[in-house]
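Colleague:
2 protein chains.
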Amino acid sequence: MRRQPTVTDVASAAGVSRQTVSNVLNTPQIVRAETRERVERAIASLHYRPHASARRLRTRQSETIAVRLDPVTDGISGSLLDRFLHALAERAGRAGFRVLLYTAADEPAEIAQFGRLLDGADVDAFVLTSTHHGDTRIDWLIEHDVPFVTFGRPWGVADMTDPEHLWVDVDGRHGLTLATGHVLDRGARRVAFLGWPAGSGTGDDRRAGWRSTMEARTDLSRAELDVLDLAVEEDPTDGSIAARLVATIDPAPDAIVCASDSLALGARLALGDRVPIVGYDDTPVARALGLSSVAQQLDEVAEGVLDLLIGAHRGRAGGAEGVDDPQHRLVKPRLVVR
Amino acid sequence: MRRQPTVTDVASAAGVSRQTVSNVLNTPQIVRAETRERVERAIASLHYRPHASARRLRTRQSETIAVRLDPVTDGISGSLLDRFLHALAERAGRAGFRVLLYTAADEPAEIAQFGRLLDGADVDAFVLTSTHHGDTRIDWLIEHDVPFVTFGRPWGVADMTDPEHLWVDVDGRHGLTLATGHVLDRGARRVAFLGWPAGSGTGDDRRAGWRSTMEARTDLSRAELDVLDLAVEEDPTDGSIAARLVATIDPAPDAIVCASDSLALGARLALGDRVPIVGYDDTPVARALGLSSVAQQLDEVAEGVLDLLIGAHRGRAGGAEGVDDPQHRLVKPRLVVR
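Residue numbers (the numbering used here), protein chains in the order written: chain S, 1 to 338; chain X, 1 to 338.
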């Protein structure tokens, strides 16, 4: 297969990492001059074109996009990916594309599926969800020059602007900034955060939204904020236990913002409506309980995924008007107030 | 296209309805002798073979099953079809089949999709959900001799054993029999039913489970049962309103069994845990609230759908051991007690 050179080819020709190539392309000022020149020579000799090589869909052989269907989770926010799938299938259908589902028990099995689906020429592109640090699927798709977009940032990577990795994500930090700002506006001051243990990109991002807002808008000390920062597993029962713990803090918190509706439900069941609680994901449960919640705007996410894959930018250098980085979209969530 | 004769061909040759042909095949004693003979002559002259003509998958051209993805519903039990989709995709994958999603705004649009998907030879069979009275999709698929299975019975049809229409469904009547029996076993006597307005096949079936159990196991009069039988729309808010109404009944009901977890959530929010409440669908919400709920056994449903479509019975006359009617499966739900 004669194919266009990729970042991987450039990295290998220059004897550097893909990350370094990406840095040369995006933030050349941080790369040592000697390394930069070596990479630039490799780019020139391979006729590498950064934007054209992005993982976009170039042909419409079968007009089919493959999406992995994860196993059902018991969590209340677990339906989020299903809601994304609905939005994606609807928009893909309107654009004349089909969505093929596949399942896989683990990452090696999923990579084996990639091969089978591509061998049969059944699939033109992949949409991946649940991306994580050290995701081998991404490397495989880049190596094999397969168009893909992920719903989720490449967490744990210093540079998220790798032009080979197209992604759309929701700005969870902004979501918690909205949630925290909302309860502060309504008179709360000691706002507790109910989230997940440190180490998950998504969870830490949401926590940062709460923390930075509290630092900017209240005079609580770092130590006081540490006390108001609770981490439990994603489960309403754990949420209830944590919420009971929150209630014992002295002086008592006067609002709780949560990293998910599951945790918000747990808090609500433990504390009733004594204290304002804000959830995240705007699930039917939040609606039923009358809780304010951060909505992920999955329609916009699906729109962005398709736009990157088959839309106006496909295979073209440069971005649309007003978009600095045409390979990545950070969708702003909104707060649904109840 | 040379194809095997179908029930439709027989009906048209004999000048009768498909229903009549089905009656001749399944319950000949209810058909007038003259009509029966006319149908039998048509069957013989067309070389119609009832079981072999069932809508099963005969070839494995693209090994792809198409499923319509319905628009997202806000209901708490709305995720049920998503959970079915997960179970189906997982099992189909293991059997070497792929699941293709499509969307359609309405029934005519969906039938147009059938045509497009079949013209492209992209799809071997369809799995339909949300079947209803007068479902024109079923007629189209039978007319065009396309293999399909529905998750859902052909409601509103006198004879559900049409050999052309393969279906799998969950025995909701049995589910409410279990739920009602459970609260009666625990000492309740005046058990209220919180369901949907009469006229939906699924809802009426569940109501019948409650009603027949109450008639068999309590001495409540027909009039008393009518008072305990409440119908509202599928929404937790409506569930709450109805539950508050239930609480005003004198003498007060001592348990409530519901047609869905949405209604159960509404009842729980309105009444707290003063009165035992049983839900239906065993959603994460029921788990979070600690409510007993009827589980639909979607894995078994998916298993049944695939078995009818590509399994042991494919294209063979007669059924598996112990199965009277090899074209239809009524899966027994179970009660998850909390």
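For every residue, glycine included, the Cβ atom is placed at its ideal position computed from N, Cα and C.
Predicted, not measured: the structure shown is a model, and the values here were computed from it.
Kindly say whether E300(X), judged by its beta-carbon, lies nearer than 9 Å to any beta-carbon of chain S.
Modeller: What you label residue 300(X) is simply residue 300 of the second sequence in a count that begins at 1. No, E300(X) lies away from the interface with chain S (no Cβ there is under 9 Å from its Cβ).
Colleague: So which residues on chain X does P236(S) lean against when the C-beta distance must stay under 7 Å?
Modeller: Residue mapping note: residue 236(S) aligns to position 236 of the first sequence, counting from 1. Going along chain X in sequence order, the residues near P236(S) (Cβ under 7 Å) are A288.
Colleague: Whose C-alpha, out of V127(X), P5(X), Q297(X), is nearest the C-alpha of F97(X)?
Modeller: The residue given as residue 97(X) occupies position 97 in the second sequence. F97(X) has its Cα closest to that of V127(X), out of V127(X), P5(X), Q297(X).
Colleague: Is L269(X) close to chain S? Criterion is C-beta to C-beta, closer than 9 Å.
Modeller: For the purposes of this step, residue 269(X) is taken as residue 269 along the second sequence, with counting starting at 1. Yes, because at least one Cβ of chain S sits closer than 9 Å to the Cβ of L269(X).
Colleague: Please report the straight-line C-alpha distance between I111(X) and T161(X), rounded to a whole angstrom.
Modeller: Stepping through the second sequence from its first residue, residue 111(X) is reached at position 111. Stepping through the second sequence from its first residue, residue 161(X) is reached at position 161. Looking at the two C-alpha atoms, the distance is approximately 23 Å.
Colleague: In terms of residue numbering, what span does the beta strand (DSSP E) encompassing R36(S) cover?
Modeller: Taking the first residue of the first sequence as 1, we reach residue 36(S) at position 36. Run containing R36(S): none in the beta strand (DSSP E); it sits in the alpha helix (DSSP H), 33-46.
Colleague: With a threshold of 8 Å, are at least 3 pairs of Cβ atoms found where one atom belongs to the region 237-246 of chain S and the other to the region 254-272 of chain S?
Modeller: yes
Colleague: Name the chain S residues that come within less than 9 Å of Y102(X), Cβ to Cβ?
Modeller: Against the second sequence, residue 102(X) aligns to sequence position 102. Correct list: A89, G93, R98, V99.
Colleague: Checking contacts by CB at 9 Å: is V246(X) closer than that to chain S?
Modeller: Translated into positions along the second sequence, residue 246(X) becomes position 246. False, the Cβ-Cβ gap to chain S never drops below 9 Å.
Colleague: Below 9 Å between beta carbons: does that hold for V294(S) and I277(S)?
Modeller: For the purposes of this step, residue 294(S) is taken as residue 294 along the first sequence, with counting starting at 1. For the purposes of this step, residue 277(S) is taken as residue 277 along the first sequence, with counting starting at 1. The answer is no: Cβ separation not under 9 Å.
Colleague: Expressed to the nearest angstrom, what Euclidean distance is found between the alpha-carbon atoms of S221(X) and T6(X)?
Modeller: As a first step, residue 221(X) is located in the second sequence; it is residue number 221 there, counting from the start. As a first step, residue 6(X) is located in the second sequence; it is residue number 6 there, counting from the start. Cα to Cα, the separation comes out at about 49 Å.
Colleague: Taking the straight line between their C-alpha atoms, what separation do you get for L25(X) and V170(X)?
Modeller: Counting from one through the second sequence, the residue named residue 25(X) turns up at place 25. Counting from one through the second sequence, the residue named residue 170(X) turns up at place 170. Between L25(X) and V170(X), the C-alpha separation is close to 25 Å.
Colleague: Buried or exposed for Q29(X), going by 16 or more other Cβ atoms inside 10 Å?
Modeller: Counted from its first residue, the second sequence places residue 29(X) at position 29. Here Q29(X) is exposed, its C-beta having fewer than 16 other C-beta atoms within 10 Å.
Colleague: Using the three-state DSSP reduction, which class does G340(S) fall into: helix, strand or coil?
Modeller: Residue 340(S) lies beyond the stretch modelled for chain S, which goes from 1 to 338, so this question has no answer here.
Colleague: Would you call T103(S) buried or exposed, if buried means 16 or more other Cβ atoms sit within 10 Å of its Cβ?
Modeller: Within the first sequence, numbered from 1, the residue matching residue 103(S) stands at position 103. Residue environment for T103(S): buried (at least 16 other C-beta atoms within 10 angstroms of its C-beta).
Colleague: Note down, in chain order, every chain X residue with its Cβ under 7 Å from the Cβ of S79(S).
Modeller: Residue numbering aside, residue 79(S) sits at position 79 when the first sequence is read from its first letter. Neighbourhood of S79(S) in chain X, by CB distance below 7 Å: S79, D82, in chain order.
Colleague: Please report the straight-line C-alpha distance between D254(S) and L228(S), rounded to a whole angstrom.
Modeller: As a first step, residue 254(S) must be located in the first sequence, where it is residue number 254. As a first step, residue 228(S) must be located in the first sequence, where it is residue number 228. If I take the Cα positions, the gap works out to 11 Å.
Colleague: Go through its chain and collect everything with a Cβ distance to T59(X)'s Cβ below 6 Å, but skip five positions before and after it.
Modeller: If you number the second sequence from 1, residue 59(X) lands on position 59. Bear in mind that a pLDDT of 48 at T59(X), under 50, signals an unreliable position, so the number given afterwards is only what the model happens to contain. Around T59(X): no qualifying Cβ.
Colleague: Given a cut-off of 9 Å, decide if D135(X) and E90(X) are closer than it, judged by their beta-carbon atoms.
Modeller: One-based indexing of the second sequence puts residue 90(X) at position 90. One-based indexing of the second sequence puts residue 135(X) at position 135. It is not a contact, given that the beta carbons lie outside the stated cut-off.
Colleague: If we define contact as Cβ-Cβ less than 9 Å, is S292(S) a contact residue for chain X?
Modeller: To locate residue 292(S), count along the first sequence from 1; it is residue 292. So, not an interface residue.
Colleague: CA-CA distance, L100(X) and L298(S)?
Modeller: Sequence index remark: in the second sequence, residue 100(X) carries index 100 (1-based). Sequence index remark: in the first sequence, residue 298(S) carries index 298 (1-based). In a straight line, the C-alpha of L100(X) is about 21 Å away from that of L298(S).
Colleague: Rounded to the nearest angstrom, how far is the Cβ of G203(X) from that of G195(X), given a contact under 8 Å?
Modeller: Translated into positions along the second sequence, residue 203(X) becomes position 203. Translated into positions along the second sequence, residue 195(X) becomes position 195. Yes, G203(X) and G195(X) are in contact; Cβ-Cβ is about 5 Å, under 8 Å.
Colleague: Which residues in chain S have a C-beta closer than 7 Å to the C-beta of L265(X)? List them in chain order.
Modeller: For this step, residue 265(X) is matched to residue 265 along the second sequence. Here the neighbours are A288.
Colleague: Is the beta carbon of A179(S) sitting closer than 9 Å to the one on S292(S)?
Modeller: Reading the first sequence from its first residue, position 179 is the one you call residue 179(S). Reading the first sequence from its first residue, position 292 is the one you call residue 292(S). Yes, these two residues count as a Cβ contact at 9 Å.
Colleague: Between the beta-carbon of V10(X) and the beta-carbon of I43(X), is there less than 9 Å?
Modeller: Along the second sequence, one-based indexing puts residue 10(X) at 10. Along the second sequence, one-based indexing puts residue 43(X) at 43. It is a contact, given that the beta carbons lie within the stated cut-off.
Colleague: On the DSSP letters alone, give me the boundaries of the beta strand (DSSP E) that T64(S) sits inside.
Modeller: Sequence index remark: in the first sequence, residue 64(S) carries index 64 (1-based). Residues 64-68.
Colleague: What's the C-alpha gap between G209(X) and G290(S)?
Modeller: Translated into the one-based positions of the second sequence, residue 209(X) becomes position 209. Translated into the one-based positions of the first sequence, residue 290(S) becomes position 290. Each residue's Cα considered, the two are about 32 Å apart.
Colleague: Terminal residues of the continuous alpha helix (DSSP H) containing T131(X)?
Modeller: Position 131 of the second sequence, counting from 1, holds the residue named residue 131(X). Element bounds for T131(X): n/a, residue is neither H nor E.
Colleague: Answer with yes or no whether the minimum CB distance from V285(S) to chain X is below 9 Å.
Modeller: Along the first sequence, read from residue 1 onward, the residue named residue 285(S) stands at position 285. Chain X, which has a Cβ nearer than 9 Å to the Cβ of V285(S), makes this yes.
Colleague: With a threshold of 7 Å on Cβ separation, who are the neighbours of E63(S) within its own chain once the five nearest residues in sequence on each side are excluded?
Modeller: Against the first sequence, residue 63(S) aligns to sequence position 63. For E63(S), where only same-chain residues beyond five positions count, the Cβ hits under 7 Å are G96, F97, R98, D124.
Colleague: Helix or strand or just coil, what does DSSP make of G279(S)?
Modeller: Counting from 1 along the first sequence, the entry for residue 279(S) is found at position 279. If DSSP states are grouped into helix, strand and coil, G279(S) belongs with the strands.
Colleague: Are the beta-carbon atoms belonging to G175(S) and P333(S) less than 9 Å from one another?
Modeller: The residue given as residue 175(S) occupies position 175 in the first sequence. The residue given as residue 333(S) occupies position 333 in the first sequence. In contact: G175(S) and P333(S) (Cβ atoms closer than 9 Å).
Colleague: What are the start and end residues of the beta strand (DSSP E) that includes A231(X)?
Modeller: By one-based count along the second sequence, residue 231(X) stands at place 231. Annotation for A231(X): the continuous beta strand (DSSP E) segment containing it runs 229-231.
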